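For the sequence shown, our numbering gives the first residue as 21, with consecutive numbering after it. Working notes, structure below.
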Amino acid sequence: MTEMFSTLGTWNWLIFGFILMALELAAPGVFLFWLGLAALLVGLVSFLITPSWQMQLLMFAVFAAAAVPAWRHFAKSTTEASKSNPFLNRRTEALIGREFTLEKPIVDGSGTVRIDDTVWRVAGPDAPAGSRVRIIRADGASLTVAAA
């Protein structure tokens, strides 16, 4: 066992790091990425100096442990970005409460409204074309409206 560790070298760490990062692609979870990065850092440091196998394992442990706060920092900045644009990928929810003019009348509970460059199907009480309506609910690509 000691012999296996004593043969650890720069290329072993680099290959190990790339294998861990490839496994991250196969089973995403952002865990193996940081361990792979720690292994790559040990490999790069081993190019500059030739540490003993004990020092290499210690460096790997330190780099892997330091990756946890780094990951939390990056994850925190990602969640802050999503808070600044809460309707990202939820366009219909951003329309709730806004008022628009009916393009086609609502007849038998169904009509259309133009929002920017898109025509949306709306459901609500019968109303003539040109009436102002307020969006009160969004369900997929269908909007429910009420008179404004």
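Ideal Cβ placement from N, Cα and C applies to all residues, glycine included. Remember, it's a predicted structure, so these values are computed and weren't measured experimentally.
Check: Identified DSSP bridge partners for residue 163; Outcome: 142, 158
Check: Three-state secondary structure assigned by DSSP to residue 131; Outcome: strand
Check: Own chain residues within Cβ distance below 6 Å of residue 56, not counting five before or after; Outcome: 37, 40, 41
Check: Buried versus exposed call for residue 61 [16 or more other C-beta atoms within 10 Å across all chains shown]; Outcome: buried
Check: Residue 152 in three-state terms, based on DSSP; Outcome: strand
Check: Nearest candidate by alpha-carbon position, reference residue 83, set 131, 166, 54; Outcome: 54
Check: Own chain partners of residue 95 with C-beta closer than 6 Å, once the 5 adjacent residues on each side are dropped; Outcome: none
Check: Residue 50 to residue 88 span [Cα, whole Å]; Outcome: 11 Å
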